Amino acid sequence: MANLTIRKLDDAVRDELRLRAARNGRSVEDEVRVILGEVVAGQPFEVPPAAPAPRPQAAVASANGLARVTLIIGGGIAAYKALDLIRRLKERQIHVRCVLTKAAQQFVTPLAASALSHERVYTDLFDPESEFDAGHIRLARECDLIVVAPATADLIAKMAHGHADDLASATLLAANRPILLAPAMNPLMWNNAATRRNVLQLRRDGILTVGPNAGEMAEAGEAGVGRMAEPTEIAAAAEHILRPPHPRPLQGKRVLITAGPTHEAIDPVRYIANRSSGKQGFAIAAAARDAGAEVVLVSGPVDLADPSGVSVISVESARDMLHRVEAALPVDVAIFAAAVADWRVANEGEQKLKKTAAGVPALQLVENPDILATIAKLENNRPPLVIGFAAETEHLIENAKAKIARKGCDWIVANDVSPATGVMGGDRNTVHLLTREGEDISVDSWPVMTKEQVATELVARIAKAVETKS
Ligand SMILES: Cc1cc2nc3c(=O)[nH]c(=O)nc-3n(C[C@H](O)[C@H](O)[C@H](O)COP(=O)(O)O)c2cc1C
Numbered sequence: 197m198a199n200l201t202i203r204k205l206d207d208a209v210r211d212e213l214r215l216r217a218a219r220n221g222r223s224v225e226d227e228v229r230v231i232l233g234e235v236v237a238g239q240p241f242e243v244p245p246a247a248p249a250p251r252p253q254a255a256v257a258s259a260n261g262l263a264r265v266t267l268i269i270g271g272g273i274a275a276y277k278a279l280d281l282i283r284r285l286k287e288r289q290i291h292v293r294c295v296l297t298k299a300a301q302q303f304v305t306p307l308a309a310s311a312l313s314h315e316r317v318y319t320d321l322f323d324p325e326s327e328f329d330a331g332h333i334r335l336a337r338e339c340d341l342i343v344v345a346p347a348t349a350d351l352i353a354k355m356a357h358g359h360a361d362d363l364a365s366a367t368l369l370a371a372n373r374p375i376l377l378a379p380a381m382n383p384l385m386w387n388n389a390a391t392r393r394n395v396l397q398l399r400r401d402g403i404l405t406v407g408p409n410a411g412e413m414a415e416a417g418e419a420g421v422g423r424m425a426e427p428t429e430i431a432a433a434a435e436h437i438l439r440p441p442h443p444r445p446l447q448g449k450r451v452l453i454t455a456g457p458t459h460e461a462i463d464p465v466r467y468i469a470n471r472s473s474g475k476q477g478f479a480i481a482a483a484a485r486d487a488g489a490e491v492v493l494v495s496g497p498v499d500l501a502d503p504s505g506v507s508v509i510s511v512e513s514a515r516d517m518l519h520r521v522e523a524a525l526p527v528d529v530a531i532f533a534a535a536v537a538d539w540r541v542a543n544e545g546e547q548k549l550k551k552t553a554a555g556v557p558a559l560q561l562v563e564n565p566d567i568l569a570t571i572a573k574l575e576n577n578r579p580p581l582v583i584g585f586a587a588e589t590e591h592l593i594e595n596a597k598a599k600i601a602r603k604g605c606d607w608i609v610a611n612d613v614s615p616a617t618g619v620m621g622g623d624r625n626t627v628h629l630l631t632r633e634g635e636d637i638s639v640d641s642w643p644v645m646t647k648e649q650v651a652t653e654l655v656a657r658i659a660k661a662v663e664t665k666s
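Quick note: the sequence shown uses our numbering, first residue 197, plus one each step.
Next up, the structure:
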C-alpha cells in the first residue's frame, strides 16, 4: 500500500497521538498503524477534547483549565533529564514553556526543548523580540507554577540573594507563583555550607523542593545526596501543587513534625546516634501535606529525600531540634516522631580524642532537653494537639500510659521497637494510639501496617480531632 501522509492534523489529535505513542513506547507512525488497525477492527479512536476539563479543586486553575508551567533549565549535567521532564509534564496535560540559562545550553539545545514543548524557548533577558513587553515578567506570571530543573548550586545561590542578571534569575525574582526546585549537584556542592544556607533561606522564603536523591553521580565513582529527582517524581510533585489531592481536611492548619535520630557529638568526628530512619515521621509529613496542612518537618540526619511541598529543617542534635521546634511555633498540631537522644556527652572533645597511655576516655553523659515535655507544658503557644511517640522494647502500653501523663501530651503513638519487630529502619509498623481525655486514657491498637498507612490513619484521626475541637 502507498505511504499515507496526513496534512492539517488537528493540534489536539496530534498531541494525543504523540502522547499515546510515548506511553506505548512506539513511534508516532507505528501508533497510527495500530490505531488504524483498531478502527478497521471496529474500535474507533476518540478525538480528545481541545483542553482537558479543569479539576474541581485545582490550587491554581488557569482560565482554560490547562495548568501551565514555566520550566527553567539550569546548567547542570542533569539538564538532559529536563527534556524528559517536559514530556512527563505534557503527559499530565500540563503546558510547558522553557527558559534555558546560558550554561544550560552547554548541555541541551533550545531546539530540543522547543521540539518537545511545542513552544518557543526563551534564553535571553535582552532579547528585543520577547522583551518589547517585558517578557521575563510574562514568563513569571503567565503560568501557574515555575519549576527549576536542574536547580544548580549557582541558580540556587542567585535566587537566595535576589540576583536578576539573566533571564532565569530575573523571571524567578519577578515571580508571584509557587516555585518548585529540583536541585542537582555533586554531593560536596550540596553539602557545602553556602548551599545549605541558601537552600534553608529559600525554604524559609516558601520555595518548594523535590529531591535531591541519593545515588551515583555523573562523576565516576562518586555517590551521595545530590542526584536530581527523577522526571516522573518532579512531574508528580508539580502536579501535586497544581492539582492538590482532596479532601483537604487540614487546609489552613499548620502542623509541625519531628523525625529521625539526633546525633550527639563526642568529638568533631564521632557521635552518639540511634537506629531511627525517619521514615515514619517523613510519611506523616507527606500525609499531613496531602491533607492540606502547611507542614514544617524538623528532621535529624536521615538518608531520605525531602518530601515535596513540605518545609524541611535539618538539624543534628537534640538541642538544635528544640530550638528549631520552638522557632516553628505557633502550630495547630505538633507530632514528635523523632528518636531524640536522651543524653549527650558533657565533655565533648574540641579535638578528636586520641588513644593514649592514660587509658580509655571517660564519657560523661548529661540529660538532653525533653522536647516533647517542653512543648506540651508550654504556658504560651502550646499547640492545641501535642502528640508524642513512645518507642519501647518492653511493657509497651504501661510505659506509654506513664509517658502520656509524665510528658503532659494529648496523644501517644506507642510502637514496639524490639529488634525482632524490624520497626527501626523498616517499612512497617504496629502501633497503639493512646488518647487522653482528662484523666482517662484510651488505647486503640492498630494492625500491622506500612508506615505510610500508619501516617494516613494518624492524620485522619488528627483531622477528626481538629474538626471536633473547632
Ligand atoms: C560538565 C559540567 C557539569 C556540571 N554539573 C553541575 C551540576 O550538576 N550542578 C551544578 O550545580 N553545577 C554544575 N556545573 C557547574 C555549572 O554549570 C555552573 O555553576 C554554571 O554557572 C551554572 O549555571 P546556571 O546557574 O545557569 O545553572 C557543571 C559544570 C560542568 C562543566
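Where a beta carbon is used, it is the ideal one built from N, C-alpha and C, also for glycine. Being a predicted model, the structure only gives us computed values, none of them experimental.
Burial check for residue 357: the Cβ neighbour count within 10 Å stays below 16, so the residue is exposed. Check the Cα spacing between residue 531 and each of 226, 547, 578: the tightest is with 578. Non-local C-beta neighbours of residue 643 in its own chain, meaning closer than 8 angstroms and more than five positions away in sequence, comprise 626, ordered along the chain. Within the segment 509 to 535, complete beta strand (DSSP E) segments of at least 3 residues are found at 529 to 532, given in chain order.
When the five nearest sequence neighbours on each side are left out, the beta carbons in the same chain lying within less than 6 angstroms of the beta carbon of residue 343 are those of 265, 267, 376, 434, in order along the chain. Across the structure, residue 407 and residue 503 are spaced so that their CA atoms are roughly 8 angstroms apart.
The shortest C-alpha to C-alpha distance from residue 445 to any of 399, 555, 661 is the one to 661. Proximity to residue 275 across 364, 605, 320, 296 peaks at 296, based on C-alpha coordinates.
Here residue 316 is exposed. Its C-beta has fewer than 16 other C-beta atoms within 10 Å.
At least one heavy atom of ligand 1 falls within 7 angstroms of the beta-carbon of residue 350. Residue pairing from DSSP places residue 294 in a beta bridge opposite 267. Counted as a single uninterrupted DSSP element, the stretch harbouring residue 348 is not any alpha helix (DSSP H), since DSSP gives it neither H nor E. Judged by DSSP secondary structure, residue 495 falls within the beta strand (DSSP E) whose first and last residues are 490 to 495. The straight-line gap separating the alpha-carbon atoms of residue 303 and residue 467 is approximately 41 angstroms. Taking non-hydrogen atoms of ligand 1 into account, the C-beta of residue 274 is found less than 7 angstroms away from one of them.
Take the alpha-carbon of residue 432 and the one of residue 439: they are about 10 angstroms apart. One thing to note: residue 391 has its Cβ within 8 angstroms of the Cβ of residue 349. Not one heavy atom of ligand 1 sits closer than 7 angstroms to the Cβ of residue 360. Sixteen is the threshold: since fewer than 16 other Cβ atoms of the shown chains lie within 10 Å of the Cβ of residue 322, the residue is exposed.
Note: residue 379 is bridge-paired with 347 in the DSSP secondary-structure output. The beta carbon of residue 583 sits closer than 6 angstroms to those of 531, 607, all from its chain and outside the five residues before and after it, given in chain order. Each residue's CA atom was taken as its position, placing residue 201 and residue 307 some 25 angstroms apart. With contacts defined as CB atoms closer than 8 angstroms, residue 567 and residue 514 qualify as a contacting pair. Contact between the segment 647 to 659 and the segment 473 to 491 is present: three or more C-beta pairs spanning the two stretches fall below 8 angstroms.
Here the segment 596 to 612 makes no contact with the segment 536 to 555; the two share fewer than three CB pairs at distances below 8 angstroms. Contact check for residue 340 and residue 373: beta-carbon distance about 6 angstroms, within the 8 angstroms limit, so the pair qualifies.
At the C-beta level, residue 561 and residue 542 come within 8 angstroms of one another.
Beta bridge pairing from DSSP links residue 539 with 563.
By the neighbour-count definition (other C-beta atoms within 10 Å, threshold 16), residue 205 is an exposed residue. In the three-state DSSP reduction, residue 481 falls in the helix class (H, G or I). According to the DSSP secondary-structure assignment, residue 595 is paired through a beta bridge with no residue. Taking the CA atoms as reference points, residue 419 sits about 22 angstroms from residue 393.
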